[in-house]
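**Student:** If you count the sequence shown from 1, position 24 lands on 33 in the numbering used here, and the numbers rise without skipping.
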Amino acid sequence: MSKAEKLKEKLLERPSKFKWDDLVKVMKEAGFTVKNAKRGSGRKFYNAKTGQVAMWHEPHPGNEVLKYVVDEAIELLKEQ
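(1) Mapping the DSSP letters down to three states, classify K74 as helix, strand or coil.
(2) At which residues does the alpha helix (DSSP H) containing K17 begin and terminate?
(3) Quick one: is K17 buried, meaning 16 or more other Cβ sit within 10 Å of its Cβ, or exposed?
(4) Tell me, which residues are paired with M36 by DSSP?
(5) Check the C-beta distance from K53 over to K44 and give it rounded, since I have them as a contact under 8 Å.
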């Protein structure tokens, strides 16, 4: 099992703490590209194959994503 698959399993368990870098790895593995959304810490995740789009703020100064981001990411992954 690859690291990305293990991270996806962890994400699907709705953890209270999940790192931004790990979220990016999971989303890229699922076919999403990540782009800066105009300016600031906003990031746009886009899957050209499915047309799915999500916009989240990269956390700073820390690296842990907020709970709603975890929930939205899970929903996107389940829709695939």
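Idealized CB from N, CA, C, for every residue including glycine.
Quick caveat: nothing in here was measured; it's all calculated off a predicted structure.
**Tutor:** Well, looking at it:
(1) Locating residue 74 in the sequence shown gives position 65, counting from the first residue. Lys is not the amino acid found at residue 74; the sequence shown has Val there. Of the three classes helix, strand and coil, the one that applies to V74 here is coil, per DSSP.
(2) Locating residue 17 in the sequence shown gives position 8, where the first residue counts as 1. That run of the alpha helix (DSSP H) goes 12-21.
(3) For the purposes of this step, residue 17 is taken as the residue at position 8 of the sequence shown. By the 10 Å Cβ count, K17 comes out buried.
(4) Taking the first residue of the sequence shown as 1, we reach residue 36 at position 27. The partner list for M36 (beta bridge, DSSP) is empty, contrary to what the question assumes.
(5) If you number the sequence shown from 1, residue 53 lands on position 44. If you number the sequence shown from 1, residue 44 lands on position 35. Correct: roughly 5 Å between the Cβ atoms.
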